[in-house]
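Q: Residue numbers (the numbering used here), protein chains in the order written: chain A, 447 to 861; chain B, 447 to 861. Glycine residues also receive a C-beta, built at the ideal position from the N, C-alpha and C atoms. Please read all numbers here as calculations on a predicted model, not as lab measurements.
1. Find the residues of chain A that neighbour residue 590 of chain B, judging by a C-beta separation of less than 9 Å, and give them in chain order.
2. Any Cβ of chain B within less than 9 Å of the Cβ of residue 653 of chain A?
3. At a Cβ cut of 7 Å, what residues of the stretch 750-784 of chain A count as close to chain B, listed as they run along the chain?
4. Write down the C-beta distance between residue 712 of chain B and residue 731 of chain B rounded to the nearest angstrom, noting that I regard them as a contact closer than 8 Å.
5. For the 8 Å Cβ check, are there 3 or more pairs between the stretch 795-813 of chain A and the stretch 662-678 of chain B?
6. Can you say whether residue 828 of chain A is buried or exposed, counting buried as having 16 or more other CB atoms within 10 angstroms of its CB?
7. Take residue 862 of chain B and list the residues in its own chain whose beta-carbon comes closer than 6 Å to its own, dropping the five residues that flank it on each side.
8. Tell me which residue opens and which closes the beta strand (DSSP E) that residue 626 of chain A is part of.
9. Go to residue 695 of chain A, then tell me how far its alpha helix (DSSP H) extends in each direction, as first and last residue.
10. Just the Cα atoms here: how many angstroms apart are residue 621 of chain B and residue 465 of chain A?
11. Check for me: the alpha helix (DSSP H) holding residue 760 of chain B runs from which residue to which?
12. Would you call residue 467 of chain A buried or exposed, if buried means 16 or more other Cβ atoms sit within 10 Å of its Cβ?
13. Can you check DSSP and say which residues form a bridge with residue 527 of chain B?
14. 9 Å is my cut-off, CB to CB: does residue 826 of chain A come that close to chain B?
15. Can you pull the chain B neighbours of residue 677 of chain A, defined as C-beta to C-beta under 8 Å?
16. Would you kindly check if the distance between the Cβ of residue 462 of chain B and the Cβ of residue 516 of chain B is under 9 Å?
17. With C-beta atoms as the reference, is residue 642 of chain B less than 9 Å away from residue 805 of chain B?
18. Assess contact between the stretch 586-598 of chain A and the stretch 518-532 of chain A, defined as three or more Cβ pairs (one per stretch) separated by less than 8 Å. Is contact present?
19. At a CB-CB cut-off below 8 Å, which residues of chain A make contact with residue 685 of chain B?
20. Using DSSP bridges, identify the partner residues of residue 601 of chain B.
21. Going by beta-carbon coordinates alone, are residue 488 of chain B and residue 514 of chain B separated by less than 9 Å?
22. Residue 693 of chain B CB to nearest chain A CB: under 9 Å?
23. Going by the DSSP bridge assignment, what does residue 648 of chain B pair with across the sheet?
24. Identify which residue in A/608, A/668, A/580, A/609 has its Cα closest to the Cα of residue 629 of chain A.
25. Could you tell me which chain A residues have their CB closer than 7 Å to the CB of residue 682 of chain B, listed as they occur along the chain?
26. With a threshold of 16 other CB atoms inside 10 Å of the CB of residue 898 of chain B, please say whether the residue is buried or exposed.
27. Distance, Cα to Cα, residue 705 of chain B vs residue 833 of chain A?
28. For residue 501 of chain B, report the span of its beta strand (DSSP E) as first-last.
29. Would residue 707 of chain A count as contacting chain B if we go by Cβ distances under 9 Å?
30. With respect to the alpha helix (DSSP H) encompassing residue 509 of chain B, which residues constitute its N-terminal and C-terminal limits?
31. Considering only the alpha carbon of each residue, which of B/561, B/543, B/558, B/535 lies closest to residue 549 of chain B?
32. For residue 826 of chain B and residue 671 of chain A, I'd like the C-alpha separation in whole angstroms.
33. Taking 9 Å as the CB-CB limit, is residue 669 of chain B close to chain A?
34. Roughly how many whole angstroms lie between the Cα atoms of residue 495 of chain B and residue 839 of chain B?
35. State the DSSP-derived secondary structure class of residue 796 of chain A, mapped to helix, strand or coil.
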């Protein structure tokens with residue numbers, strides 16, 4: 447291992463992470479590394495059991511080309527999805543498969559306690575045996591709102607302002623914690639396992655309680671200064687619109703097209719009570735529109751028009767191959783997709799539309815935790831200490847295993 | 447050289463390209479390479495004369511830390527800027543300094559002949575002696591419009607449709623040719639030498655005959671599928687606006703705010719002749735506004751409002767540190783910058799504005815050729831054959847002692 451550069455291991459593992467089942471030749475091509483470097487890296491990874499030979503291709507010349515893949519059990523990640531009304535916890539393997547899960551329901555707007563998050567992490571980690579627990583690399587967290595440089599989250603939807611999540615978790619956990627906003631964790635996993643698989647130019651547009659976009663351009667995840675890129679929700683789609691946004695301005699796309707604002711407009715048209723609304727109630731508006739109710743149809747027409755216009759801006763500016771729509775809006779995909787697509791095609795440059803696919807997320811309710819696991823995996827590859835831990839040989843023989851220090855608990859938990 | 451991986455050379459040269467005057471420790475940190483790899487790469491580059499020791503820093507411990515820089519004359523690039531009415535040719539060194547230049551004026555809309563471009567390239571290359579000429583690495587071309595996968599340019603402004611520029615030049619030239627759209631070559635050079643120097647999150651917004659944006663996010667140059675990203679000009683900033691765009695749609699920002707359209711609106715208001723207008727005439731509209739003419743002021747108010755709104759979209763989506771404005775609009779920067787800034791601040795998310803600078807390009811008329819040179823340099827680093835050529839030892843028969851010029855200065859400033 448000593449002579450194998452971290453860079454080689456990282457680049458080889460990145461290819462296996464994204465593509466799986468690849469030959470040495472494919473790894474060479476994708477990494478651009480020297481053949482000698484790739485051979486050393488593959489030997490180290492095979493010796494330690496982090497990757498496995500899973501088959502072979504027979505070429506015409508008669509030479510067997512071995513097919514390699516990750517060993518799914520070489521590392522585990524704890525994944526946490528902080529939603530508005532539910533926290534989901536999962537333990538995943540290196541493939542992002544969920545091994546164990548748990549969850550906590552919250553009242554809308556109820557503050558989340560750190561102890562709740564720690565207990566949830568504990569609940570999934572304790573399903574592992576000691577040997578497995580020593581291979582838990584990191585905790586990934588998908589959160590709403592945005593995070594500042596000190597790991598404090600502000601999420602207006604959750605009534606969090608400068609919530610010091612990262613600091614509190616780091617104090618209590620022995621493994622590293624990584625945070626990322628939900629629109630970015632979602633495009634990470636859509637590109638890894640979902641509707642944008644393998645695409646280098648793709649985006650995930652979440653339309654739920656808020657609106658945001660996570661973008662890959664040329665294989666690069668867009669973050670921007672202070673990680674603040676992707677604030678689609680607050681582009682002022684129509685300065686003349688009367689809709690007032692939570693940000694204090696008028697005419698933001700979120701003020702028109704987020705799920706609570708779809709409900710609000712429907713209620714305003716029908717004289718319904720303007721009680722506090724959650725995104726879930728948007729399914730009722732969709733149902734009324736399916737039944738042909740004019741007020742519901744009018745609202746969805748307006749929302750589709752503005753969303754399509756906003757999507758056309760994204761198409762022109764980023765030139766993506768795949769735009770994936772997620773969030774509670776997908777409950778009305780039969781109604782919304784045709785409306786969005788029609789407006790997108792009307793407003794975007796013809797050249798931006800050629801080869802562009804508009805899709806709906808297919809990962810369902812697990813997208814948040816799977817995205818958090820994708821985040822934890824990517825970040826672990828980038829950190830030398832975690833990369834080293836991932837590449838630790840499996841302790842197969844019992845006597846050897848007993849010589850090694852035992853990790854009793856990865857997550858001691860204070861609360 | 448044989449044992450020095452191209453990857454190491456490339457990464458070391460990239461750091462020197464962007465930062466200049468760096469120590470070995472700084473190169474180590476910026477590249478993330480092994481110390482041994484960096485040492486091998488530096489030795490090869492120093493031996494071949496591609497980089498030079500230009501001074502030393504004395505640290506407290508008494509150990510001298512040598513300061514390294516590129517040898518400006520280690521490679522030359524031919525840079526071509528295809529504008530609407532003028533083609534500029536330049537020969538630059540590795541620092542982007544222009545050594546020779548020439549140019550050809552065109553009538554607006556006049557077709558450009560390949561022979562004209564070849565003659566211009568010839569005119570600057572023949573200024574070099576034979577030894578220098580062997581170090582010309584590549585031709586970089588900054589072009590309007592867009593290029594397809596086969597190197598054919600379509601630029602409505604120049605009346606080019608599928609103009610097979612790349613193919614024609616490749617047939618006639620012995621060095622590689624690289625093409626890039628003007629908005630991207632401009633941000634390349636603004637980040638290298640200009641108003642966005644060293645920024646990882648910056649953009650260049652060209653407002654001239656057309657409107658486009660070149661973007662760096664997290665140090666990555668945005669290209670998108672088929673290199674078509676950055677089509678700011680055709681975002682439909684106001685679907686209700688009457689302005690018809692060349693793309694056939696209404697309400698594109700280009701239809702409202704490009705320089706010819708500023709002139710058009712002014713003429714429509716004043717009943718002036720609606721003859722074919724070039725971007726240059728926009729300076730007259732700016733002058734009338736400075737003299738207080740209401741029609742000119744009304745037009746600029748409208749243009750500033752829409753540009754500011756479009757800029758707010760960019761600020762929210764990309765979260766840049768620096769937005770650089772270029773193109774003929776800068777002739778009216780005294781009028782337009784305050785208008786754009788006011789609207790930007792009104793429309794963008796407060797968080798997107800914090801730490802954002804709005805600047806005007808400072809590179810003047812040379813921005814196109816300097817951008818083309820930046821393109822040629824970057825692309826040469828990426829190509830193994832050109833990297834090898836760049837690292838060819840100088841064929842100078844001088845005694846060993848004289849081979850490395852001694853520089854006694856401590857970190858000299860750039861020339």
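A: A quick look at the data gives this:
1. From the beta-carbon of residue 590 of chain B, no residue of chain A is found nearer than 9 Å; the closest lies around 15 Å away.
2. No, no contact with chain B.
3. Listed in sequence order: 755, 758, 759, 762, 763, 764, 765, 766, 767.
4. Contact between residue 712 of chain B and residue 731 of chain B is confirmed by a C-beta separation of about 5 Å, below the 8 Å threshold.
5. Contact between the stretch 795-813 of chain A and the stretch 662-678 of chain B is present, with at least three C-beta pairs closer than 8 Å.
6. Residue environment: residue 828 of chain A is assigned as exposed (fewer than 16 neighbouring CB atoms within 10 Å of its CB, all protein chains considered).
7. It is not possible to answer for residue 862 of chain B, since the shown part of chain B is limited to 447 through 861.
8. Start and end: 623-627.
9. Where residue 695 of chain A is concerned, there is no enclosing alpha helix (DSSP H), given that its DSSP letter is neither H nor E.
10. Taken atom to atom, the span from the alpha-carbon of residue 621 of chain B to that of residue 465 of chain A is near 36 Å.
11. Per DSSP, the continuous alpha helix (DSSP H) segment holding residue 760 of chain B begins and ends at 740-764.
12. Answer is exposed; the Cβ neighbour count stays below 16.
13. When beta bridges are read from the DSSP output, residue 527 of chain B appears opposite B/534, B/588.
14. Using a CB distance cut-off of 9 Å, residue 826 of chain A does not count as an interface residue toward chain B.
15. For residue 677 of chain A, the chain B residues whose Cβ falls inside 8 Å of its Cβ are 762, 763, 765, 795, 797, 798, in order along the chain.
16. Yes, they are a contact pair.
17. Yes, they are a contact pair.
18. Yes, the stretch 586-598 of chain A touches the stretch 518-532 of chain A.
19. Within chain A, the residues placing a beta-carbon under 8 Å from that of residue 685 of chain B are 755, 793, ordered along the chain.
20. Under DSSP, residue 601 of chain B forms a beta bridge with B/606.
21. The Cβ atoms of residue 488 of chain B and residue 514 of chain B sit closer than 9 Å to each other.
22. A Cβ of chain A is located within less than 9 Å of the beta carbon of residue 693 of chain B.
23. In DSSP, residue 648 of chain B forms a bridge with B/662, B/768.
24. Among A/608, A/668, A/580, A/609, the Cα nearest to that of residue 629 of chain A belongs to A/668.
25. Those are 755, 758, 793, listed as they occur along chain A.
26. Nothing about residue 898 of chain B can be read from this structure; chain B reaches only from 447 to 861.
27. Taking C-alpha positions only, residue 705 of chain B is separated from residue 833 of chain A by approximately 53 Å.
28. Start and end: 497-504.
29. Taking Cβ atoms only, chain B never reaches closer than 9 Å to residue 707 of chain A, which makes this a no.
30. Element bounds for residue 509 of chain B: n/a, residue is neither H nor E.
31. Shortest Cα-Cα distance from residue 549 of chain B to any of B/561, B/543, B/558, B/535 involves B/535.
32. In a straight line, the C-alpha of residue 826 of chain B is about 28 Å away from that of residue 671 of chain A.
33. Residue 669 of chain B has a beta carbon lying within less than 9 Å of a beta carbon in chain A.
34. Rounded to the nearest whole angstrom, the C-alpha separation of residue 495 of chain B and residue 839 of chain B is 6 Å.
35. If DSSP states are grouped into helix, strand and coil, residue 796 of chain A belongs with the helices.
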